[in-house]
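Chains as they are written, first to last, in the numbering used here: chain H, 357 to 551; chain V, 357 to 551. Positions of the beta carbon are idealized from the N, C-alpha and C atoms, including for glycine. Remarks on the structure that follows.
There are 2 protein chains.
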Amino acid sequence: MNKRTEQKQNTRQLILRTAKACFIDKGFLETTTAEIASRAEIAHGTLFLHFKTKEILIVEILDNELEQVNDKIQTLIARTADISSALKVYLDFLEREEDLFSVLARELPFYPDALRGKILFREAIIRNHFQQIIKEGINRDELRDIDPIQAITFLFSTLNYYLSMRKIFREEQESVIGKFRDKVIKTFLQLIEKG
Amino acid sequence: MNKRTEQKQNTRQLILRTAKACFIDKGFLETTTAEIASRAEIAHGTLFLHFKTKEILIVEILDNELEQVNDKIQTLIARTADISSALKVYLDFLEREEDLFSVLARELPFYPDALRGKILFREAIIRNHFQQIIKEGINRDELRDIDPIQAITFLFSTLNYYLSMRKIFREEQESVIGKFRDKVIKTFLQLIEKG
DNA sequence: GTACTCAGTGACCATGTACTCACTAAAAGG
DNA sequence: CCTTTTAGTGAGTACATGGTCACTGAGTAC
């Protein structure tokens, strides 16, 4: 690769890194292209040389992120066959990626259909994994006879709620997921476990 | 009252009515002042004669709405001492006002602090009513020994989720709350009831 | 060494939107 | 009546923001 294309790749990566940082700070909707350019210390026009529109930039970043999410989910699915440990692994994951997921939780209803679809599709895979575990538990008569879909909706909605209201719930730089994880796990287990 | 002030009041009410309709259609954030003026068939400038800023207009409308919400809640609280009927009354209420509440569910994280605070305060009153009923149920040993706050958070988060994702979940002009009410009630009762 | 290529630049443009203000005309007042 | 007041008007302003384009200068090819 010659000097020129190498430099071009560097700039492209710089834009991606900087944009991701901006988006995590302020959300996709409220970050401006001028802001990204300024923070990356490049000209405003340079950004559009690499990404024709702001949306294309957002989609590329989210695709990258969701790809990594997908990998972690595969691990999660492979390793966890009981709810309790699956829950723990998933909440650990959410807590680590909380900066990004709280943005998604808030902004999801405002994204263009295609983008929202992608995000919901990833979520559906995780939901489905949990549902399967619960179904099997019910079949083995180890869990209560509840609707797995509804149970999972309760769980995911609650996590979504904490994430979207993050700025209200968390003090300082603490994690909302960390703050509520024990209570959420406990109540959710009460919902599905017998006795 | 003379002709002038009477006409002024009429215009003011016209703006309030029209703005409310616009906000319900497109949300507070995406409705423009020009749109409201055009739909009300008044000059753009007239709007600012009656409401100094868009935010003041929004706050006035939401205060009106929340006031009515408050009245209905008082009735709800007065009439319902058991969860099952309180739930039904509340979901009926949500279903009737779904147009407005789905906007609030989506946009809440983006409102200025004071406005969001007002909305959450009203919600807190309702949550608190439910929590009291559950606490009493637990004390009388009629309900399971769960954390009332967490149980209510599960319920409200789920309703919030359905409302904010309304455009995905509902087909045609049907109500999301109507669509999911039975399942939500059933699962919630399983969470809190014994057996 | 010379001509060509293209990443990068930043002033500029188009658009959208909240808000203003000089003006108009109808109503109020004496 | 004639003057004053004021609801209403709508062109205009200020600003934000996504996106463009003629130009520059370092790198590449010959």
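Integer Cβ distance of residue i from residue j, believed to fall under 8 Å
i               : j               : result
P468 of chain H : R462 of chain V : So it is not a contact: roughly 15 Å between Cβ atoms.
A442 of chain H : F510 of chain H : Not really, about 16 Å apart at Cβ, beyond 8 Å.
E451 of chain H : S531 of chain H : 5 Å
S513 of chain V : N516 of chain H : 7 Å
R483 of chain H : I508 of chain H : 5 Å
Q506 of chain H : K539 of chain V : 5 Å
Cβ shell of residue i (< 6 Å), same chain only, five flanking positions each side left out
i               : result
K376 of chain H : I417
R368 of chain V : H406
T436 of chain H : A442 and V445
F449 of chain V : K428
Option in the options with minimal Cα separation from residue i
i               : options                           : result
A390 of chain H : H:L515, H:Q363 and H:K410         : H:K410
F536 of chain V : V:E549, V:I548, V:M521 and V:K550 : V:M521
S440 of chain V : V:K550, V:G551 and V:I541         : V:I541
D381 of chain V : V:E453, V:V415 and V:E423         : V:E453
D497 of chain H : H:F544, H:K550, H:L450 and H:H400 : H:K550
Q424 of chain V : V:A396, V:I475 and V:T402         : V:I475
I306 of chain V : V:E479, V:K539, V:I398 and V:F457 : Because residue 306 of chain V is not part of the residues shown, which for chain V are 357 to 551, the question remains open.
L385 of chain V : V:N495, V:Q506, V:L450 and V:L460 : V:L460
D495 of chain V : V:F404, V:I548 and V:K539         : At residue 495 of chain V the sequence reads Asn, which differs from the Asp that was named. Ranking the options by Cα distance to N495 of chain V, first place goes to V:I548.
E421 of chain V : V:L372, V:A434 and V:E397         : V:L372
I398 of chain H : H:D448, H:K539 and H:N366         : H:N366
Q488 of chain H : H:D438, H:R472, H:A396 and H:G401 : H:D438
Under 9 Å by beta carbon: chain H residues contacting residue i
i               : result
N516 of chain V : S513, N516, Y517 and S520
T509 of chain V : T514, Y517, Y518, F536, K539, V540 and T543
Residue i, buried or exposed, once every other Cβ within 10 Å from all chains shown has been counted against 16
i               : result
Q363 of chain H : exposed
Q546 of chain H : buried
I414 of chain H : buried
T361 of chain H : exposed
I412 of chain H : exposed
T374 of chain H : buried
T431 of chain H : exposed
A470 of chain V : exposed
F544 of chain V : buried
F457 of chain H : buried
V533 of chain H : Note that residue 533 of chain H is Ile in the sequence shown, not Val. Classification of I533 of chain H: buried, given that the 10 Å Cβ count is 16 or more.
I481 of chain H : exposed
A434 of chain H : exposed
Under 8 Å from the C-beta of residue i: neighbouring residues of chain V
i               : result
L547 of chain H : F510, T543, Q546 and L547
Q506 of chain H : K539, V540, K542 and T543
Beta-carbon neighbours of residue i, restricted to chain H and to distances below 7 Å
i               : result
R462 of chain V : P465
Contact list for residue i against chain V, beta-carbon separation under 9 Å
i               : result
I502 of chain H : K542, T543, Q546 and L547
Contacting residues, own chain, Cβ-Cβ under 8 Å from residue i (five flanking each side not counted)
i               : result
K491 of chain V : P504
F525 of chain V : Y518, V532, K535 and F536
Chain-order list of residues whose beta-carbon lies under 7 Å from that of residue i (same chain, five-residue window excluded)
i               : result
T387 of chain V : C378 and F379
D455 of chain H : I380
L403 of chain V : I371, T389, I392 and A393
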